[in-house]
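Before any comments, here is the structure.
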Amino acid sequence: MSGSSDDTRPGDLLWSPPADVSGTALGRFQAEVAAATGIDATDYRALWSWSVEQPGEFWSRLWDFYDVGPRPEGPALAPGWSMPEDVRWFEGATLNLAGYLLDRPRPDDAVAVLGLHEGGGRRELTWGELRRESRAFAATLRSWGVGPGDRVVGYLPHVPETVVAFLGTALVGALWSSVGQDYAPGAVLDRFGQLEPRVLVAGDGYHWAGRTIDRTGEIAEIRAGLPTIEHTVLVGNLGPDTARAADLGAHPWSTLTDLPADDAAAVTAQAVPFDHPLWVLYSSGTTGQPKGLVHGHGGVLLEELKAHGLHFDLGPDDRFLWYTSPSWVMWNIQITALLVGACVVAYDGAPTSPSPDALWEVVARERVTVFGVSPGFLQAGLAAGLEPGRDHDLSALRAMGSTGSPLSAGLHGWVRSHVGDLPLWSISGGTDVASAFIGGAPSLPVRAGVIPTPLLGVALEAWDGDGRPVVGQVGEMVITVPLPSMPVHLWRDPDHARYRDAYFSTFPGVWRHGDWITIDEGGAIVVHGRSDATLNRHGVRMGSADIYACLEDLPQIADALVVGVDEPDGGYWMPLFVVMAPGEELDDALRADIADRIRRRTTPRHVPDAVIAVRGVPHTRTGKRLEIPVKRLLAGAEVASVANPSSVDDATLLDDFAAVAAARAQERGAAGS
Numbered sequence: 000m001s002g003s004s005d006d007t008r009p010g011d012l013l014w015s016p017p018a019d020v021s022g023t024a025l026g027r028f029q030a031e032v033a034a035a036t037g038i039d040a041t042d043y044r045a046l047w048s049w050s051v052e053q054p055g056e057f058w059s060r061l062w063d064f065y066d067v068g069p070r071p072e073g074p075a076l077a078p079g080w081s082m083p084e085d086v087r088w089f090e091g092a093t094l095n096l097a098g099y100l101l102d103r104p105r106p107d108d109a110v111a112v113l114g115l116h117e118g119g120g121r122r123e124l125t126w127g128e129l130r131r132e133s134r135a136f137a138a139t140l141r142s143w144g145v146g147p148g149d150r151v152v153g154y155l156p157h158v159p160e161t162v163v164a165f166l167g168t169a170l171v172g173a174l175w176s177s178v179g180q181d182y183a184p185g186a187v188l189d190r191f192g193q194l195e196p197r198v199l200v201a202g203d204g205y206h207w208a209g210r211t212i213d214r215t216g217e218i219a220e221i222r223a224g225l226p227t228i229e230h231t232v233l234v235g236n237l238g239p240d241t242a243r244a245a246d247l248g249a250h251p252w253s254t255l256t257d258l259p260a261d262d263a264a265a266v267t268a269q270a271v272p273f274d275h276p277l278w279v280l281y282s283s284g285t286t287g288q289p290k291g292l293v294h295g296h297g298g299v300l301l302e303e304l305k306a307h308g309l310h311f312d313l314g315p316d317d318r319f320l321w322y323t324s325p326s327w328v329m330w331n332i333q334i335t336a337l338l339v340g341a342c343v344v345a346y347d348g349a350p351t352s353p354s355p356d357a358l359w360e361v362v363a364r365e366r367v368t369v370f371g372v373s374p375g376f377l378q379a380g381l382a383a384g385l386e387p388g389r390d391h392d393l394s395a396l397r398a399m400g401s402t403g404s405p406l407s408a409g410l411h412g413w414v415r416s417h418v419g420d421l422p423l424w425s426i427s428g429g430t431d432v433a434s435a436f437i438g439g440a441p442s443l444p445v446r447a448g449v450i451p452t453p454l455l456g457v458a459l460e461a462w463d464g465d466g467r468p469v470v471g472q473v474g475e476m477v478i479t480v481p482l483p484s485m486p487v488h489l490w491r492d493p494d495h496a497r498y499r500d501a502y503f504s505t506f507p508g509v510w511r512h513g514d515w516i517t518i519d520e521g522g523a524i525v526v527h528g529r530s531d532a533t534l535n536r537h538g539v540r541m542g543s544a545d546i547y548a549c550l551e552d553l554p555q556i557a558d559a560l561v562v563g564v565d566e567p568d569g570g571y572w573m574p575l576f577v578v579m580a581p582g583e584e585l586d587d588a589l590r591a592d593i594a595d596r597i598r599r600r601t602t603p604r605h606v607p608d609a610v611i612a613v614r615g616v617p618h619t620r621t622g623k624r625l626e627i628p629v630k631r632l633l634a635g636a637e638v639a640s641v642a643n644p645s646s647v648d649d650a651t652l653l654d655d656f657a658a659v660a661a662a663r664a665q666e667r668g669a670a671g672s
C-alpha cells in the first residue's frame, strides 16, 4: 500500500474498444446469433439479456460455435429446473474435455505449453509433444487399472508436466486434484485424504526467491498418510528423475510419457456423460476440512470456451500467462486456454525475484499477449515505483486480467499510466464455478474500479435483504439461472445438504455468492468485498475494499485489514490494522493522515475507531485477507475455532489478534468497573 498513484477516480474511462470488433470471436458469435434469432446481438447488453433469458438456446449455440461434437436432441437445459439439485444439462451427451482439447487441429510444431522457472530454465512443449505425452500417461494409467471414477492427485509446481498429468487423467475419465508444493504435508492430507486416491504424481521440488526447495521428504510423508496410493510418480523439476525416483520407490515421470507417436495416437479418450466429474477443487475456507468442489467435463468445457474465447478473445496467436499455482482455481482456468489454441505460459518461481520487475521481464522476453495477476502484484509494482511500460518492451501485450480481490480505481489507473493503453479486465467468480461471473468483453469500455459486465449466460443481480433486485444500491450478488459449470456436487455430500447450505440457504433456489456489489443502470458492477465481512455502522453498510483503496498511496503502509465488531453493550468497534513498511513507525500524525484521507475519499462513517500497528496481516494461501476469522477473534472466539492453520499463510499472526482482543476486553472491563 505504498508508492505513488495518480489521481484516477472510480468510473474514469481508461480504455475504449475499437469501433469494429467483427474480427474477434465475440464479433463472429454475435453475427451468428443475430442471423439465427433476429436480435441485435451486436449490442452486448442485448446479447447478454438473450443469453440469460434463453439459457438453453445460448449454450446450444455456443456448443455449435466451438464445434464440441454431436449435440443430443432435446433442450440443452431440461425444463422445470430448480437449483440446486434439479438441473440437467445436455442429457444424453457424451464427451471428454481432454479429448476435445487434444483433438483440435493445431500444428504439431506450434508451442502449446511454455515452461519457465525463476532460475532461467525454459522448456517448450509443442502440440505434438503435448498430445503424445498426455496419451502416453493415459496409457500408463489404464495399464494400472485406473479409469472412470478413480482419483489421481498431484503435488506439483506450475510446470508443463502438471498439465500433461491432468490431461492424461481426464482422458481416462478419472478425477484430477492438485495442490502446489508450498503446502505442508498436513494441508495436503486435509485435501487429498478425502479423495482416497490411487495415484500420486509429485514433483521433487520447486523454485522460489532464488532457492531450489526440495520436497522429496514431504512426498514420503504425504504418501504415508494416503494408504490408498498404489503408484507414486516422480517429476524431476530440480534434476533428473530416475535416481531420485528409485530412492522413493516411485516411477520416474520420464519413463511413463516416452511412448512412440503411433502408439500414443492409438490412445483414445474415454467418452463420459456431460456431468461426469473432471476435477475436485477446494474452497479457501479457513475452518474445518476444506470443502471439495466437483465440476463436470461438459460444464467446464463450455464455460471455459466462453470465457477464454468470447471474453478474453484468446486464440492460437496468443501467449497467456496468469501468475498462479496448482493450488488455485486460476491454474485450472489458465490451462483450459488450451481449448481455444492459446499457448499457456507456466511459471515456477516467485513473481518479484530476483528483482521487483522479474515477471514483467518475462512478459517482455516471451512476447506474452495476455497477462493475468492479482491486485497485490500490481500494488507491489506501484510500491516499488516500477515503470513496466518504459523499462520493458511490452509491445506484444494486448490485454491484462486481475482477480483475487477487488481492483481499486488507483491500481487500475496505475496500469493505464505505467503499463500502457490496453484493457485491464478485472474478473470475479471463483473456485465455486471454476470461472468468472463478471468481467470484461472486447466490445465494452473499461472504467477505473468498475467491472464492465456479467459474462454471457450469467444471470447476475444484486438483491436486498428481502430478496428484491436493486440497481444503483448495494446488494448481495446472486445468480438466478443455472450455469453448466456450477458444481456437480460437493465431495462427500451425498444428500447435497452442504451444497444447499453453502449457496442456497439465504435465498432458496437462488445462488448467493457472498459478495457485496452495486450494479449500475448500464450493467457495470462494483465489488465492495465479502458480504459476510461487511462493515455496518448504525445500519449503514460499507465495503472494506473502499477503505483499503484510500491507503494505496501511503508509502508508510505495507498492508492493512479492517473489521467491524458488535460489542456486548450494543456498541460497534471498527479498528484498522496496519503493517508498517520497513523502517516506518505509526505515530499520531500518520493516524491523523489516515483518518483524513479516508474521510475525504469515502465518508466520515468509514473512518476507523482505532489504527493499530501489527506485524502482519494473515491471508489465505490464495492471498485473501482473513477478515472474518479476525472479526471472530475480536469478538472473543478462540484461535483454534476460527481457522485451520494449514489454510493460513502465517497462522502465528492470529495469536497477535487474539492478544488485541484480550487487551480490548481488559480495557472495557476496567472502564466498566
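Take 0 as the starting number for the sequence shown in numbering that gives the first Met the number 0 and just add one per residue. Ideal placement from N, C-alpha and C gives every residue a C-beta, glycine not left out. Remember, it's a predicted structure, so these values are computed and weren't measured experimentally.
#1: Note the first and the last residue of the continuous alpha helix (DSSP H) segment covering Trp126.
#2: By Cβ distance below 8 Å, which residues in the same chain neighbour Gly119 in space, the five residues on each side in sequence not counted?
#3: Could you pull the start and end residues of the beta strand (DSSP E) that Ile478 belongs to?
#4: Do you know whose CA, among Thr621, Leu489, Glu520, lies nearest Pro453's CA?
#5: Nearest by alpha-carbon distance to Val145: which of Arg87, Ser425, Leu174 is it?
#6: With a threshold of 16 other CB atoms inside 10 Å of the CB of Ser3, please say whether the residue is buried or exposed.
#7: Using the Cα positions of Thr256 and Val344, report the straight-line distance between them to the nearest angstrom.
#8: Can the beta-carbon of Ile212 be found less than 8 Å from the beta-carbon of Gly204?
#9: Out of Leu140, Pro387, Thr323, which has the shortest C-alpha to C-alpha gap to Asp347?
#10: Grab the span of the alpha helix (DSSP H) containing Arg210 for me, first residue to last.
#11: Could you tell me whether the Cβ atoms of Lys305 and Gly153 are closer together than 8 Å?
#12: In terms of alpha-carbon separation, which member of Ala382, Ala77, Gly202 lies closest to Ile218?
#13: Three or more C-beta pairs under 8 Å: does that hold for the region 493 to 509 against the region 307 to 326?
#14: Does the distance from the C-beta atom of Ala75 to that of Ser59 stay below 8 Å?
#15: Between the region 152 to 172 and the region 361 to 381, do three or more beta carbon pairs fall short of 8 Å?
#16: Just checking my contact of Leu301 with Leu61 at CB under 8 Å: how many whole Å lie between their CB atoms?
#17: Would Leu633 and Val610 qualify as a contact pair, given that the criterion is a beta-carbon distance under 8 Å?
#18: So for Ala580, helix, strand or coil by DSSP?
#19: Under the three-state reduction of DSSP, which class applies to Phe191: helix, strand or coil?
#20: DSSP three-state label for Asp552, please.
#21: Just the C-alpha distance for Pro276 and Met82, rounded to the nearest angstrom, thanks.
#22: With distances taken between CB atoms, is the gap from Ala458 to Thr479 smaller than 8 Å?
#23: So, are the CB atoms of Arg389 and Leu113 less than 8 Å apart?
#24: Buried or exposed: where does Thr23 fall if 16 or more other Cβ atoms within 10 Å of its Cβ makes it buried?
#25: Measuring straight from C-alpha to C-alpha, what distance separates Pro9 and Thr402?
#26: Restricting to runs no shorter than 3 residues, where is the beta strand (DSSP E) found entirely within the region 566 to 640?
#27: Roughly how many angstroms separate the alpha carbons of Ala408 and Ala548, rounded to a whole number?
#28: Can you give the beta carbon distance from Ala383 to Pro350, rounded, assuming they're within the 8 Å contact cut?
#29: Using the Cβ count rule (16 or more neighbours within 10 Å means buried), how would you classify Ala658?
#30: What does DSSP give as the partner residue(s) for Tyr154 in the beta ladder?
#31: Round the Cβ separation of Gly295 and Leu489 to the nearest angstrom and send it over; I've been treating them as touching at under 8 Å.
#32: Going by the CB atoms, is the gap between Val151 and Val187 shorter than 8 Å?
#33: Pull up the DSSP beta-bridge partners for Pro251, would you.
#34: Below 8 Å between beta carbons: does that hold for Arg624 and Val613?
#35: Output the boundary residues of the alpha helix (DSSP H) element that contains Asp63.
#36: Once DSSP output is grouped into helix, strand and coil, what is the label at Leu309?
Short version:
#1: Position 127 of the sequence shown holds residue 126. Residues 126 to 142.
#2: Walking along the sequence shown from the start, residue 119 turns up at place 120. Result list for Gly119: empty, nothing under 8 Å.
#3: By one-based count along the sequence shown, residue 478 stands at place 479. Start and end: 473 to 478.
#4: Here the question's residue 453 lines up with position 454 in the sequence shown. The option with the nearest alpha carbon to Pro453 is Glu520.
#5: Walking along the sequence shown from the start, residue 145 turns up at place 146. Nearest option by C-alpha distance: Leu174.
#6: By 1-based counting over the sequence shown, the position of residue 3 is 4. Bear in mind that a pLDDT of 47 at Ser3, under 50, signals an unreliable position, so the model cannot answer this.
#7: Sequence index remark: in the sequence shown, residue 256 carries index 257 (1-based). Sequence index remark: in the sequence shown, residue 344 carries index 345 (1-based). C-alpha separation (whole angstroms): 21 Å.
#8: Residue numbering aside, residue 212 sits at position 213 when the sequence shown is read from its first letter. Residue numbering aside, residue 204 sits at position 205 when the sequence shown is read from its first letter. Going by C-beta atoms, Ile212 is nearer than 8 Å to Gly204.
#9: As a working note, residue 347 is residue 348 in the sequence shown. Among Leu140, Pro387, Thr323, the Cα nearest to that of Asp347 belongs to Thr323.
#10: In the sequence shown, residue 210 corresponds to position 211, counting from 1. Unbroken run through Arg210 is the beta strand (DSSP E), 210 to 213; no alpha helix (DSSP H).
#11: Taking the first residue of the sequence shown as position 1, residue 305 is located at position 306. Taking the first residue of the sequence shown as position 1, residue 153 is located at position 154. Contact: no.
#12: Against the sequence shown, residue 218 aligns to sequence position 219. Here the closest residue by C-alpha is Gly202.
#13: no
#14: Here the question's residue 75 lines up with position 76 in the sequence shown. Here the question's residue 59 lines up with position 60 in the sequence shown. A contact, by the Cβ cut-off of 8 Å.
#15: no
#16: Locating residue 301 in the sequence shown gives position 302, where the first residue counts as 1. Locating residue 61 in the sequence shown gives position 62, where the first residue counts as 1. Yes, Leu301 and Leu61 are in contact; Cβ-Cβ is about 6 Å, under 8 Å.
#17: Along the sequence shown, one-based indexing puts residue 633 at 634. Along the sequence shown, one-based indexing puts residue 610 at 611. Contact flag unset, no.
#18: Translated into the one-based positions of the sequence shown, residue 580 becomes position 581. Reduced to three states, the DSSP call for Ala580 is coil.
#19: Numbered from its first residue, the sequence shown carries residue 191 at position 192. Residue state, collapsed to three classes: helix.
#20: If you number the sequence shown from 1, residue 552 lands on position 553. Correct three-state label for Asp552: coil.
#21: In the sequence shown, the residue the question calls residue 276 occupies position 277. In the sequence shown, the residue the question calls residue 82 occupies position 83. Roughly 19 Å between the two C-alpha positions.
#22: In the sequence shown, counting from the first residue as 1, residue 458 sits at position 459. In the sequence shown, counting from the first residue as 1, residue 479 sits at position 480. Result yes, Cβ atoms of Ala458 and Thr479 sit closer than 8 Å.
#23: Here residue 389 refers to the residue found at position 390 when the sequence shown is read from its first residue. Here residue 113 refers to the residue found at position 114 when the sequence shown is read from its first residue. Taking 8 Å as the Cβ cut-off, Arg389 and Leu113 do not qualify as a contacting pair.
#24: As a first step, residue 23 must be located in the sequence shown, where it is residue number 24. Classification for Thr23: buried.
#25: Walking along the sequence shown from the start, residue 9 turns up at place 10. Walking along the sequence shown from the start, residue 402 turns up at place 403. Distance between the alpha carbons of Pro9 and Thr402 is about 18 Å.
#26: 574 to 579, 609 to 612
#27: Here residue 408 corresponds to residue number 409 of the sequence shown, with the count starting at 1. Here residue 548 corresponds to residue number 549 of the sequence shown, with the count starting at 1. Approximately 8 Å between the Cα atoms of the pair.
#28: Position 384 of the sequence shown, counted from the first residue, corresponds to residue 383. Position 351 of the sequence shown, counted from the first residue, corresponds to residue 350. Not quite, the Cβ-Cβ distance comes to about 12 Å (not below 8 Å), so this is no contact.
#29: In the sequence shown, the residue the question calls residue 658 occupies position 659. Looking at its Cβ environment, which holds fewer than 16 other Cβ atoms inside 10 Å, Ala658 is exposed.
#30: For the purposes of this step, residue 154 is identified with residue 155 of the sequence shown, where counting begins at 1. In the DSSP output, where bridge partners are listed per residue, Tyr154 has Val178, Ala201.
#31: Within the sequence shown, residue 295 is the residue found at index 296, counting from 1. Within the sequence shown, residue 489 is the residue found at index 490, counting from 1. With a Cβ gap of about 13 Å, Gly295 and Leu489 do not count as contacting.
#32: Here residue 187 refers to the residue found at position 188 of the sequence shown. Here residue 151 refers to the residue found at position 152 of the sequence shown. It is not a contact, given that the beta carbons lie outside the stated cut-off.
#33: Residue mapping note: residue 251 aligns to position 252 of the sequence shown, counting from 1. Paired residue(s): Leu233.
#34: As a working note, residue 624 is residue 625 in the sequence shown. As a working note, residue 613 is residue 614 in the sequence shown. It is not a contact, given that the beta carbons lie outside the stated cut-off.
#35: Position 64 of the sequence shown holds residue 63. It spans 54 to 64 - the alpha helix (DSSP H) in which Asp63 sits, taken as one unbroken run.
#36: Taking the first residue of the sequence shown as position 1, residue 309 is located at position 310. Leu309: helix per DSSP, three-state reduction.
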